[in-house]
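Take the sequence shown: its letters are residues -34 to -1, 1 to 335, numbered as in mature numbering (1 follows the signal peptide of the UniProt record, and there is no 0).
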Amino acid sequence: MSFRSSFKSAFHELLTLSVTVSLLSFAAAAPSLAHDDDDDDSYTIGLWGDLPYSTLQATVGVPNLIADMNAHRLKFTVHDGDLKQGSNSACDAALYAQALAFFGSLEAPAMFTPGDNDWVDCDRPSNGGFNSRDRLDYERKVLFSTPFSLGQRKLRQEVQTDPLCLGANGTKVGCVENRRWTVGRVTYATLNVQGSCNNLCDTNPDPDEYNARNAAVILWMQQTFAEAKKRNSAAVMFVSQADPGWDLSDATRAPLRDPKTLAETDGQPDGFASFLTALRTEVEAFRKPVAYVHGDSHYFRIDQPFLNSAGQRLENFTRVETFGDNQGNGNNDVRWVKVTVDPRSRDVFAYQPVTVPANRTAVPAPTRN
């Protein structure tokens, strides 16, 4: 072989290797798509929310929790809202910057849906007397500015970009906090559903904002079921902040509601009945497992409180409430919920409460022998 032929052959091999390495590097760095992993392999995700509510939780508890979640090599995590306590805590830029840093320290894709303490209740004087819509606009700008998740690994999401919500200046804006993604034949979505009567009570009720956002949320929920049916998803999981109340059993933590009619019975403004009615219709028609994850009342539980109009339990619906703040316990409730997702299993979701060893307050973690 001549020197020229040998050189051309070596150059061609080097160029091919260079292109291959570049493509592999790009693939490693590129974010996943909203529809990621169409196979039936099982995986785990992490759920948390209503944190942090104190300096101790922000500086010790939440960093411990994030380190624990990172150690579990999760597929993704979701925070179901409330980045701070509801009163006596400013809704200033530092709040959202702190949240962005927390989510950025999670190795897996990190999802988030707003909580009432993040924007609805920011109009309380003790929180700075902000305009609530302005705070939601700011939250959208800081935490929802791209179609990708937060976290060190990104996952591309479908986003409700249609101008259906009301911004601070009264114009219609995209409800970009409402997101959807599918992983391993399970479809997930976040919904901006809020405590404080879903913005119909508290300091400055805002029915115009509520009506626009509530209609958008219902539409996004219905479209999520349609997408799940189209993709033949094995299950659906929704994540929101508010505990809307499901029946007459829990007056200390949620609105009281007639479980058959879904009408609120405690005399408070009802910001949830129309959403729950639409959700019930979709759950019954879908037939496969539906999980509804929320925070708000800071009481970990997994149950099936949703009934049909005849008073029969909807067997395919499960409510999951994540751990939330209890400042009297210090870091005791800075915990998370691990969910094993197996599209091949009958119930798809299996739930495990996780106590972070470094956050044990009442009973110290045992020492290893």
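For each residue, glycine too, the CB sits at the ideal point set by N, CA and C.
Predicted model, so just to flag it, every value in this text is computed and none were measured.
Quick check: residue i and residue j, are their CB atoms within less than 8 Å of each other?
i, j, result
"D6", "G150", "yes"
"N144", "Q160", "no"
"R253", "N274", "no"
"G52", "N83", "yes"
"L116", "A60", "no"
"A155", "T190", "yes"
"V28", "F68", "yes"
"Y19", "D291", "yes"
"R197", "T137", "no"
Using CA coordinates, which residue listed in the options is at the minimum distance from residue i?
i, options, result
"L245", "Y9, L280, N165 and D269", "L280"
"K120", "S162, P129, S71 and G161", "S71"
"Q270", "G211, K304 and D232", "G211"
"D58", "T43, D46 and D103", "D103"
"N170", "D87, W14 and L130", "D87"
"T218", "K195, S263 and D299", "S263"
"E175", "Q188, L132, S55 and L66", "L132"
"L228", "A220, T243 and D216", "T243"
"I32", "Y317, T327, A316 and K304", "K304"
"A220", "K138, H260 and T10", "H260"
"T327", "N335, Y317, T333 and V300", "V300"
So, is residue i buried or exposed, given that buried needs 16 or more other C-beta atoms within 10 angstroms?
i, result
"D308", "buried"
"P319", "exposed"
"T21", "exposed"
"A200", "buried"
"L157", "buried"
"D232", "exposed"
"Q234", "exposed"
"P225", "buried"
"V329", "exposed"
"N93", "buried"
"K50", "buried"
"T153", "buried"
"A74", "buried"
"T284", "buried"
In this structure, does DSSP put residue i in helix, strand or coil?
i, result
"C131", "strand"
"V108", "helix"
"V329", "coil"
"P235", "coil"
"D269", "strand"
"A59", "helix"
"L116", "strand"
"P255", "coil"
"L13", "strand"
"F42", "coil"
"A(-8)", "In this predicted model, A(-8) has a pLDDT of only 36, less than 50, meaning its place in the structure is not dependable; the value taken from the coordinates is given anyway. Helix, per DSSP."
"T306", "strand"
Could you round the C-beta distance between residue i and residue j to whole angstroms and report it? I think they count as a contact, below 8 Å.
i, j, result
"D48", "D89", "Not really, about 16 Å apart at Cβ, beyond 8 Å."
Consider the C-beta atom of residue i and the heavy atoms of the ligand NAD; say whether any pair is separated by less than 7 Å.
i, result
"S311", "With respect to small molecules bound, the structure shown includes none, and the ligand NAD cannot be examined in it."
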